[in-house]
Amino acid sequence: MKLIPPALAILAIVSASAAAFATDDRGRSPGQVLSDNNCTWCHGPSLQGYTTAPRLAGQRAEYVVNQILNFKAHSRDNPLSKQVMWGAANTVTPEAAHEISDYFSGLHAEPANDGNRSTVETGAALYREGSAGSNIPSCAICHGPDGQGVGAIPRLGGLSYRYLKRKLEQWNEGYHAAALAPMPAVSSSLSATEIDAISSYLSFVH
Amino acid sequence: MKPVRMQLAASALVFAMAFPALGRAGDLDSPSTGRGALNAKVEYCTYCHGPSGRGYRGFYTMPRLAGQTPEYLENQLRAFAELRRDRSIPVRMSRVHALKPSMRAALAAHFNGLNPPVVGRGSSEHAGTGRKIYEEGVPETNVPACVACHGPTGMGAGPSPRLAGQLSAYTQKQLLGWSRDRGQDPATVDSSAVMKSIAGSMSKTQVQAVSAYLNSLK
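Protein sequences appear in the order of chains A and B.
According to our numbering, the first sequence is numbered sequentially starting from 1.
According to our numbering, the second sequence is numbered sequentially starting from 207.
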């Protein structure tokens, strides 16, 4: 994994933020300008995700606003969030967070397709119906049959396997305990194999 | 606590892989009605039905269970299990609500005893019309007064459910989809039969009005 030095990242963000709300002669919305100047650098040129930075394209606006506020409040405290997103979110005002999130949610989302095909079927069944006998709830009930999300509940379909897996694991390691219910608790109902299978499955969903 | 759970989950997984036809090892987890098993099951229910069973809006709407009559709760859990109310949404309700029969009464008593705040905005512009329908019915179209069975404050009694404080999106979905969603075993006439013609006689506007009114009742 190639880590971008945080100091560099912060430099890029600070130098770009002054321009964030300036009128743009290329007809870009303020959200798009802010994103082009700051976020595409790690999240990929069309925000489809890149290495450890998850896809933001097509993500639910309300969910993204909540995450930006979580980064600003330092309550989303897993190592990478701390290392890069606390700084990146620092420059985003709450008003700008809404603009930028609306912009992300309107972008077409591409699936990462980076999971393991052999566990897709197990993952799909767990995602759809959960497993009442082990007290695992159906994920589809909240995240939607195609992982599309709704409101403050994020789109999961097509996020990368490695991001989803680490996210669920890190909840079980105690990070980001203040996430909206029922998430950290739901994560703890999953075994390592189940996390792996669900994350694989979701990476192929579009 | 976590390592133990992981181990349990892992052994359940192995079992499930060995006997795929049985589905997941539903009844392996522990003695069925002990305190620990009940608490774990309550936690499972409230992932979806919200803290204290107050209801939750996900991609699909989870109904409020808190304060519901025990008899109605048990009836519905049985209806799910017997596939009479399995396909009301595209996630099999029989699987989601798979339970040891002996667990049903304990869960029903638990949720009946809770009284969290209502989810929703309460009254709306339609609530006045809704109240009239609730108390007087719609005589022109043979819709009876709901109050007769569901009680003056919508608290229900016995097999007639509490409707007070229910999430409006859920109540609307039930009334608009009744004959498609409920009473799905043609060989058994169950308690859902009584609502079939009542729901079928209501217009969408009437359903919206009565649902808004019911959400405003505490």
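For every residue, glycine included, the Cβ atom is placed at its ideal position computed from N, Cα and C.
- Here B/G264 is actually not in contact with A/I198; their C-beta atoms are around 17 Å apart, not less than 8 Å.
- In this structure, A/R60 sits near A/P154, with a CB-CB distance shorter than 8 Å.
- Using a CB distance below 9 Å, the part of the stretch 284-317 of chain B facing chain A consists of I295, P296, V297, R298, R301, V302, H303, A304, L305, ordered along the chain.
- Sixteen is the threshold: since fewer than 16 other Cβ atoms of the shown chains lie within 10 Å of the Cβ of A/H206, the residue is exposed.
- Interface criterion met: the Cβ of B/K247 is under 8 Å from a Cβ in chain A.
- When the beta-carbon positions are compared, B/L289 and B/Q390 come within less than 8 Å of each other.
- Ranked by Cα distance from B/S409, the options B/T347, B/E342, B/A315 are led by B/T347.
- Excluding sequence positions up to five before and after A/R128, its CB lies within less than 7 Å of the CB of S138, A140, all in the same chain and listed in chain order.
- A distance below 6 Å between beta-carbons, with the five flanking residues on each side excluded, links A/S189 to the following residues of its chain, in chain order: N135, I136.
- Beta-carbon to beta-carbon, B/L320 and B/T377 are separated by about 19 Å, too far to satisfy the 8 Å threshold.
- Of the candidates A/V92, A/L80, A/Y50, A/T52, the residue whose Cα lies closest to the Cα of A/N66 is A/V92.
- Counting other Cβ atoms within 10 Å of its Cβ, B/E341 stays below 16 and is therefore classed as exposed.
- Interface criterion met: the Cβ of B/Y250 is under 8 Å from a Cβ in chain A.
- Fewer than three pairs of CB atoms, one per stretch, sit closer than 8 Å, so the stretch 102-112 of chain A makes no contact with the stretch 276-290 of chain B.
- With a threshold of 8 Å between beta carbons, A/H143 makes contact with chain B.
- A/G157 and B/G334 have their alpha carbons spaced roughly 42 Å apart.
- Look at A/A109: its C-beta is not under 8 Å from any C-beta on chain B.
- About 5 Å separates the Cβ atoms of A/L168 and A/S187, confirming a contact at the 8 Å cut-off.
- Setting aside the 5 residues that flank it on each side, B/G362 is surrounded in the same chain by T275, H356, R368, each with a C-beta closer than 6 Å to its C-beta; the list follows chain order.
- Counting only residues of its own chain and dropping the five nearest sequence neighbours on each side, A/D196 has a CB closer than 7 Å to the CB of T119, K165.
- The criterion of a C-beta distance shorter than 8 Å is not satisfied by B/S417 and B/P365.
- Rounded to whole angstroms, the separation of the alpha carbons of B/Q414 and B/V324 is 18 Å.
- For A/T122, the CB contacts under 6 Å within the same chain, skipping 5 residues up- and downstream, are A197 in chain order.
- Residue-level contact check: A/G130 touches chain B, since one or more beta carbons of chain B fall below 8 Å from its beta carbon.
- Under the DSSP assignment, A/S105 falls in the alpha helix (DSSP H) whose first and last residues are 94-105.
- Within the DSSP secondary-structure output, A/A192 pairs in no beta bridge.
- Here B/I295 is not near B/Q412, since their CB atoms are 8 Å or more apart.
- Under the three-state reduction of DSSP output, B/M268 falls in the strand class.
- Across the structure, A/T51 and B/E249 are spaced so that their CA atoms are roughly 35 Å apart.
- Remark: C-beta atoms of B/P269 and B/L373 approach each other more closely than 8 Å.
- In this structure A/L180 is exposed. Its beta-carbon is surrounded by fewer than 16 other beta-carbon atoms within 10 angstroms.
- The continuous alpha helix (DSSP H) containing B/A333 extends over residues 333-342.
- By the neighbour-count criterion, in which 16 or more other beta carbons inside 10 Å mark a residue as buried, B/G326 falls on the buried side.
- Runs of the alpha helix (DSSP H) lying entirely within the stretch 268-315 of chain B and spanning at least 4 residues, in chain order: 276-287, 299-302.
- DSSP places B/L244 inside the alpha helix (DSSP H), whose first and last residues are 241-255.
- Look at A/A140: its C-beta is under 8 Å from a C-beta on chain B.
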